[in-house]
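Residue numbers (my numbering), protein chains in the order written: chain A, 1 to 267; chain B, 268 to 380. A virtual CB, placed ideally from N, CA and C, is assigned to each residue, including glycine.
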Amino acid sequence: MGERLGVGIGWRSEIDLTVERLPGVDFVEVVAENLHHDHLPESLRILRERGLPVLPHAVSLSLGGADPVDPARVEHLAAVAQLLDAPLASDHICFVRAGGLDSGHLMPVPRTRDALDVLTANVRTTQAGLGVPLALENIAALLEWPDAELTEAQFLTELVERTDCLLLIDVANMWANARNLGQDPVDLLDGLPLERVAYVHVAGGVEIDGVYHDTHAHPVPREVLDLLAELCARTEPPGVLLERDDRYPADAVLADELAAIRAVVRA
Amino acid sequence: MSDTARDRLADKQAELLRALLAGGPAPAGFDQRALDVEATALLAKRRRVVAQIAPEAAGDLGDRFVPLFDEYARAHPRRDGSRAREDAAAFGEWLVARGETAAPRRRWWRFGR
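Structural data, given as C-alpha cells:
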C-alpha cells in the first residue's frame, strides 16, 4: 500500500552532505521539530529538487499522553509536511509529558482500554488537522506497565482499525523489546495488520549490563536485519529507512548498512 | 471517550514520571530494576542532549561534568514545555550559582547551536 519509497536514511544536520552524496538513498526522513515551519535547510531543499521524498517524523505530539493533543504541535507538523510536499507524516505510540514533567524521551503507554481510548481520540484530532496520512511507530521500551489488558498486537491492530492510521514499523525497537522484555518479535509481526505498513525503521544499538539500548549510535545488529527479513517474507514494505543519530561513522560504513538493508529487501 | 479515562491515565503516567525523574516512589507493579534502567537511560539522554548543545560546558568540566549534571538534573526535572536549550542554560546558571565555575565572560550557553 501507499507510495513506493525504497531505501532511505534519516537526514540529520550533522550528516547533511553525507546524505546528499550517499549512493542508494531513495528517500529521507527528518525530525519535524528540528525544522522551521516556513523554510527548509539548504540540504533538504537540494534533496527535494532531486525529487526525493522527505518525510517529517515528529517526536513530541505525546499521542499516548493523557492530555489532549497540543494544536500548535499538530499545526507545526502539518505546515512542515506541506512545505516538504510529503506523502505522509509520523509520530510514535508513546507519551512524553505527564504531571507537569517532560521525560525527554519516548515512554510506553499502558496497554489498557483507557489508554487505547485516549490514544484513539488524540490520533483522530491529529489526523483532522494534519492534511496528510499519519503513520504511527512502535517504540523501544525499557520497562513494561503492569496489568496489560491487551497484547501488543491487539493494541496496535485495534488502533489501526479505529483510526485508519498507517504503521511505521521499527524492527529494531521490536527486536529490542523482544530482548529486554522477553517478547517474541515474530509472534508480534504475525499479529499485525501488515497491509497498513507505510515504511520500516532499522537502527543499531548496544548492550549495556545485559540490557539492549536502541541508541541509533551503533551498528545495526544482524538480528535486526533478520527480523526485517521476517517482515519482508510477510509483506513488501513500501520503504525501509536507516536511523543513525550519533557517533556518525565514515560514509562508507553507512553506505554498507544501506546496501545490507537493500539486500534483505530484495531477497 | 470518557474524561475519567483521561483522568485515570493521567494519574498513572504522572506517577511513573515522578518516579523516573523526580525521586518519587516506585509505582505499584513495576519491576524495580526496569525502573532503575529507565531512569538511568532518561538521565543519560538528557545529559547527552545538553552536552551536544553546550560542548564547552562538558569540555570545561572534564570528569566533573557527569556527576555535576546528574546532581543538577535530579534536583531539577524538566518541566512540561521546557526546551533542551533552556535546560542547558539552567545548568550553566546552576554551576555559577554553586561556584562550580566562574561566571564566564562569554556565556557558552547563549551561543549553543
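Where residue i meets chain C, residues with beta-carbon distance less than 9 Å
| i | result |
| --- | --- |
| B/GLY296 | Among the protein chains in the structure shown, which are A and B, there is no chain C. |
Contact under 8 Å by Cβ, residue i with residue j
| i | j | result |
| --- | --- | --- |
| A/ILE93 | A/GLU144 | no |
| A/LEU22 | A/LEU258 | yes |
| A/ALA58 | A/LEU77 | yes |
| B/ARG300 | B/ILE320 | no |
| B/ALA281 | A/ASP114 | no |
| A/ALA79 | A/HIS37 | yes |
| A/LEU119 | A/LEU159 | yes |
| A/LEU40 | A/VAL28 | no |
| A/GLY104 | B/ARG313 | yes |
| A/GLY191 | A/THR151 | yes |
| A/PRO71 | A/LEU5 | no |
| A/LEU101 | B/ARG275 | no |
| A/GLU223 | A/LEU189 | no |
| B/LEU283 | B/PRO294 | yes |
| A/ARG244 | A/LEU254 | yes |
Range of the contiguous beta strand (DSSP E) that encloses residue i
| i | result |
| --- | --- |
| A/VAL202 | 197-203 |
| A/SER103 | 101-107 |
| A/SER43 | Where A/SER43 is concerned, there is no enclosing beta strand (DSSP E), although the alpha helix (DSSP H) it sits in stretches over 42-49. |
| A/ILE208 | 206-208 |
| A/PHE155 | Per DSSP, A/PHE155 belongs to no beta strand (DSSP E); it is in the alpha helix (DSSP H), 152-163. |
| A/ARG266 | Here A/ARG266 belongs to no beta strand (DSSP E); instead the alpha helix (DSSP H) covers 251-266. |
| A/LEU134 | 134-137 |
Nearest candidate by alpha-carbon position, reference residue i, set the options
| i | options | result |
| --- | --- | --- |
| B/VAL363 | B/ARG315, B/ASP327, B/ARG352 and B/SER349 | B/ASP327 |
| A/LEU134 | A/ARG124, A/ALA141 and A/ALA72 | A/ARG124 |
| A/LEU242 | A/GLY24, A/GLU230 and A/LEU181 | A/GLY24 |
| B/LEU302 | A/VAL171, A/VAL31, A/MET107 and A/ALA250 | A/MET107 |
| A/VAL186 | A/ALA153, A/LEU159 and A/ASP209 | A/ALA153 |
| A/ILE139 | A/ILE169, A/ARG162 and A/THR157 | A/ILE169 |
| A/LEU84 | A/ARG234, A/GLU49 and A/GLY6 | A/GLU49 |
| A/ASP209 | B/ALA308, B/ARG285 and B/ARG314 | B/ALA308 |
| A/PRO295 | B/GLY291, B/ARG285, B/ASP298 and B/ASP274 | Coverage of chain A is limited to positions 1 through 267, which leaves residue 295 of chain A absent and any answer about it impossible. |
| A/TRP175 | A/ALA203, A/ASN34, A/TYR199 and A/LEU194 | A/ALA203 |
| B/VAL317 | B/ARG341, B/GLY359, B/ALA293 and B/GLY348 | B/GLY359 |
| A/VAL200 | A/GLU236, A/GLU33, A/LEU188 and A/ASP67 | A/GLU236 |
| A/TYR212 | A/LEU166, A/ARG179, A/GLU33 and A/VAL109 | A/ARG179 |
| B/ALA340 | B/ALA324, B/LEU288, B/ALA277 and B/SER269 | B/LEU288 |
| A/ASP214 | A/ASP246, A/ALA172, A/VAL197 and A/CYS232 | A/ALA172 |
| A/ILE15 | A/ALA141, A/ALA250 and A/LEU166 | A/ALA250 |
Span of the alpha helix (DSSP H), counted from its first residue to its last, around residue i
| i | result |
| --- | --- |
| B/PRO334 | 332-342 |
| B/LEU283 | 270-288 |
| A/HIS76 | 71-84 |
| A/ASP170 | Taken as a continuous stretch (DSSP letters only), A/ASP170 belongs to no alpha helix (DSSP H), being part of the beta strand (DSSP E) at 166-170. |
| A/VAL224 | 222-234 |
| B/GLU360 | 351-364 |
| B/GLU323 | 322-328 |
| A/ALA128 | 113-130 |
| A/ARG4 | Per DSSP, A/ARG4 belongs to no alpha helix (DSSP H) and is neither H nor E. |
| A/GLU277 | This structure cannot speak to residue 277 of chain A, because chain A is shown only from 1 to 267. |
| A/ASP190 | 185-190 |
Per DSSP, cross-strand counterpart(s) of residue i
| i | result |
| --- | --- |
| A/ILE9 | A/VAL28 and A/LEU242 |
| A/PRO56 | A/VAL30 |
| A/HIS213 | A/VAL206 |
| A/HIS92 | A/GLU137 |
| A/ALA66 | For A/ALA66, which the question treats as bridged, DSSP gives no partner whatsoever. |
| B/ARG346 | A/LEU101 |
Interface partners of residue i on chain B, CB under 8 Å
| i | result |
| --- | --- |
| A/GLY24 | Simply none; closest approach about 28 Å. |
| A/LEU142 | ALA301, VAL304, GLU305 and ALA308 |
| A/VAL118 | MET268, ALA272, ARG273 and LEU276 |
| A/VAL171 | Here the premise fails: no neighbours, minimum Cβ distance about 20 Å. |
| A/HIS213 | ALA308 |
Residues that residue i contacts on chain B, provided the C-beta gap is smaller than 9 Å
| i | result |
| --- | --- |
| A/ARG97 | GLN280, LEU284, ASP347 and GLY348 |
| A/GLY205 | The premise fails here: A/GLY205 is roughly 12 Å from chain B at the closest Cβ pair, so nothing lies under 9 Å. |
| A/ALA66 | ALA272, ARG273, ASP274, ARG275, LEU276, ALA277, ASP278, LYS279, GLN280 and ALA281 |
7 Å Cβ cut-off: residues of chain A touching residue i
| i | result |
| --- | --- |
| B/ALA289 | LEU101 |
| B/ARG313 | GLY104 |
| B/PRO344 | LEU101 |
Contacts of residue i in chain B (Cβ-Cβ under 7 Å)
| i | result |
| --- | --- |
| A/VAL253 | What A/VAL253 touches in chain B: nothing, since even the nearest Cβ is about 21 Å away. |
| A/PRO110 | LYS279 |
| A/ASP114 | ALA272, ARG275 and LEU276 |
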